[in-house]
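Here the structure comes first, spelled out in structure tokens, and everything after it is commentary.
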Amino acid sequence: MPGAVIAAASLLLIGGGQVSAYGEAPRIESESAFLMDAGTGEVLYEKNASERMYPASITKIVSGLLAVEEADLSETAVVSENAVETDGTSVFLLEDEEMELRQLVEGLVINSGNDAGTVIAEHLAGSEEAFAEKMTDFVREKAGAVNTQFQNPHGLYHPDHYTTAEDMAAIAQYAMKNDEFMEIAGTRELDWEGEGWETTIYNHHLLLGNYAGVTGLKNGFVSQSGFTLVTTAERDGTSLIAVTLKAPTSDIMYQDTEALLDYGFHQSKKRGIGLLPRASAAELNQQKLPLTIAVDVSGYGSVRLKKWNGDILLEEMLQDPPEQLQ
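Anchor point for the sequence shown: position 98 equals 396 in the numbering used here, and the numbering is continuous, going up by one each time.
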């Protein structure tokens, strides 16, 4: 008569790969790091994630996003002498030059133009200081980034200009909801036409186009901050946010980020599928069992639905059940 057994054997999941153990957490050299599933908010890795750090140019994620959300990007702004004299990376704006806000945001986010950030701030708030206050309030209200404070729109060093890896991930998670901003942040190259500079600008985030699935966001550096990077990426329905702060070199910054993303995407393939059900000898002899959702097991594959119907195929090496169960 039919009996019941629980098959304990290596399985092949339809549509997936082999059952596999979780990968080890990456070794990160950056002083602070954070990895999050952007869809679920699940924290996949953290290192000194709540420690205050200097952000450098990843500040521009916020100044650019604030402009996209609260301004008409077709408005024209006038470049001030103060903007032209802004230190650091620029898009070579000229005093009294007029430029649409959208192009200024592109110059800010894609080419990391500090001068563009100053123009945006002065146009929208009257001064860099007033705009920085708006930025701080904005991220606290929209993203819950309560350990972040800005003093300028571009990230040049100021002792009271700080954030945390955890806050930057929350800010990035909020930014990902804005398609227009993410389109700009994910642009690899763009023809730039200004009165003082006509060229092709290239995104400073070097993983765009060089790591499968990366969609944005921004890198940064000043001597006090070290190398900073916020990265968004998506594969097979899984969205990740990786943040690395105060890496000692640019190479290590990118290596750390790739390690985090590798780990995160590997983890996303490891999901609870179900418990191999009890089955009769006849079913075992057919080497095909219905899947019954019960207690989770780990499966390596892209099965991430809460409810899933399918079959489990037993490997040929599985032995026939004992005669007394037939």
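Beta carbons are placed, not taken as given, at the ideal position from N, Cα and C, and that holds for glycine.
Coarse secondary structure for K440, derived from DSSP in three states:
Indexing the sequence shown from 1 puts residue 440 at position 142. In this structure, K440 counts as helix in the three-state DSSP scheme.
Could you tell me if the beta carbon of Y500 falls within a distance shorter than 7 Å of some heavy atom in the ligand GDP?
Annotation note on the ligand GDP: not contained in the displayed structure, which lists no ligands.
Does DSSP put I351 in a helix, a strand or coil?
The residue given as residue 351 occupies position 53 in the sequence shown. It should be pointed out that residue 351 corresponds to Met in this sequence rather than to Ile. In this structure, M351 counts as strand in the three-state DSSP scheme.
Does the beta-carbon distance from W490 to E496 come in below 8 Å?
To locate residue 490, count along the sequence shown from 1; it is residue 192. To locate residue 496, count along the sequence shown from 1; it is residue 198. The answer is yes: Cβ separation under 8 Å.
Can you check whether the CB of S523 is closer than 8 Å to the CB of A354?
Locating residue 354 in the sequence shown gives position 56, counting from the first residue. Locating residue 523 in the sequence shown gives position 225, counting from the first residue. Cβ distance < 8 Å, so A354 and S523 count as in contact.
Which residue's Cα is closest to the Cα of V366: A381, A323, A419, R350?
Position 68 of the sequence shown, counted from the first residue, corresponds to residue 366. Nearest of A381, A323, A419, R350 to V366, Cα basis: A419.
Below 8 Å on the Cβ atoms is my guess for K358 versus K544; work out the distance and round it to an integer in Å.
Counting from one through the sequence shown, the residue named residue 358 turns up at place 60. Counting from one through the sequence shown, the residue named residue 544 turns up at place 246. Going by Cβ atoms, the distance from K358 to K544 rounds to 18 Å, so no, they are not a contact pair.
Since G511 and E487 should fall inside the 8 Å C-beta cutoff, what is the C-beta to C-beta distance between them, to a whole number of angstroms?
Your numbering for residue 511 matches position 213 in the sequence shown. Your numbering for residue 487 matches position 189 in the sequence shown. Not quite, the Cβ-Cβ distance comes to about 19 Å (not below 8 Å), so this is no contact.
Determine the direct distance from the alpha carbon of I550 to that of E368, and round the result to whole angstroms.
As a first step, residue 368 must be located in the sequence shown, where it is residue number 70. As a first step, residue 550 must be located in the sequence shown, where it is residue number 252. So the alpha carbons of these two residues sit roughly 36 Å apart.
With DSSP collapsed to three states, give me the class of L527.
On the sequence shown, position 229 is the one that residue 527 refers to. The answer is strand: DSSP assigns L527 an E or B state.
Beta-carbon gap between N412 and T384 smaller than 8 Å
Against the sequence shown, residue 412 aligns to sequence position 114. Against the sequence shown, residue 384 aligns to sequence position 86. Result yes, Cβ atoms of N412 and T384 sit closer than 8 Å.
A331, buried or exposed, once every other Cβ within 10 Å from all chains shown has been counted against 16
In the sequence shown, the residue the question calls residue 331 occupies position 33. When all chains shown are included, A331 counts as buried.
Using the three-state DSSP reduction, which class does K567 fall into: helix, strand or coil?
For the purposes of this step, residue 567 is identified with residue 269 of the sequence shown, where counting begins at 1. Reduced to three states, the DSSP call for K567 is coil.
With DSSP as the reference, please indicate the residues paired to K475 in a beta bridge.
Here the question's residue 475 lines up with position 177 in the sequence shown. Note: K475 sits in no beta bridge, so no partner.
In or out: N508 buried (at least 16 other Cβ within 10 Å) or exposed?
If you number the sequence shown from 1, residue 508 lands on position 210. With fewer than 16 other Cβ atoms within 10 Å, it is exposed.
Using 8 Å as the cut-off, can you tell me whether the stretch 330 to 347 makes contact with the stretch 460 to 471, which would need three or more C-beta pairs spanning the two stretches below that distance?
yes
Name the one or two DSSP bridge partners that R533 has.
For the purposes of this step, residue 533 is taken as the residue at position 235 of the sequence shown. Partner(s): T536.
For I499, the three-state DSSP class (helix, strand or coil)
What you label residue 499 is simply residue 201 of the sequence shown in a count that begins at 1. If DSSP states are grouped into helix, strand and coil, I499 belongs with the strands.
Between G518 and G415, how many whole angstroms is the CB-CB distance? I'm expecting something under 8 Å.
Your numbering for residue 518 matches position 220 in the sequence shown. Your numbering for residue 415 matches position 117 in the sequence shown. Rounded, the Cβ-Cβ distance is 12 Å, inconsistent with contact.
When you compare only the Cα positions, how much space is there between L504 and T529?
Here residue 504 refers to the residue found at position 206 when the sequence shown is read from its first residue. Here residue 529 refers to the residue found at position 231 when the sequence shown is read from its first residue. Using only the alpha carbons, I get a separation of about 10 Å.
How would you call T536, buried or exposed, if buried means at least 16 neighbouring beta carbons within 10 angstroms?
Counting from 1 along the sequence shown, the entry for residue 536 is found at position 238. The residue in question, T536, is buried, as its Cβ has 16 or more Cβ neighbours within 10 Å.
How close, in whole Å, do the beta carbons of L391 and V407 come, if the pair is a contact with beta carbons under 8 Å?
Looking up residue 391 in the sequence shown gives position 93. Looking up residue 407 in the sequence shown gives position 109. Between V407 and L391 the Cβ distance is about 15 Å, and since that is not below 8 Å, they are no contact.
Tell me, please, which residues DSSP counts as bridged to N412.
As a first step, residue 412 is located in the sequence shown; it is residue number 114 there, counting from the start. According to DSSP, N412 bridges with nothing at all.
Starting from S330, follow its DSSP beta bridges and name the residues at the other end.
Along the sequence shown, read from residue 1 onward, the residue named residue 330 stands at position 32. Answer is L543.
Taking the continuous beta strand (DSSP E) assigned at L342, which residues delimit it?
Mapped onto the sequence shown, residue 342 falls at position 44. Element bounds for L342: 341 to 345.
If you drop the 5 nearest sequence neighbours on each side, which residues of the same chain put their C-beta closer than 6 Å to that of M334?
In the sequence shown, counting from the first residue as 1, residue 334 sits at position 36. Hits under 6 Å: V341, A467, I539.
Please report how far the alpha carbon of S425 lies from the alpha carbon of I499, in whole angstroms.
Here residue 425 corresponds to residue number 127 of the sequence shown, with the count starting at 1. Here residue 499 corresponds to residue number 201 of the sequence shown, with the count starting at 1. Using only the alpha carbons, I get a separation of about 27 Å.
Here's the rule I'm using: 16 or more other beta-carbon atoms within 10 Å means buried, otherwise exposed. How should K475 be labelled?
What you label residue 475 is simply residue 177 of the sequence shown in a count that begins at 1. Exposed, by the Cβ-count rule.
To which residues of the same chain is Y455 closer than 6 Å at the C-beta, ignoring the five residues directly before and after it?
By 1-based counting over the sequence shown, the position of residue 455 is 157. Excluding positions up to five away in sequence, the list reads V520, Q522.
Assuming R400 contacts L364 (C-beta within less than 8 Å), just tell me the rounded distance between them.
Mapped onto the sequence shown, residue 400 falls at position 102. Mapped onto the sequence shown, residue 364 falls at position 66. In fact, because the Cβ distance is near 14 Å, the residues do not count as touching under 8 Å.
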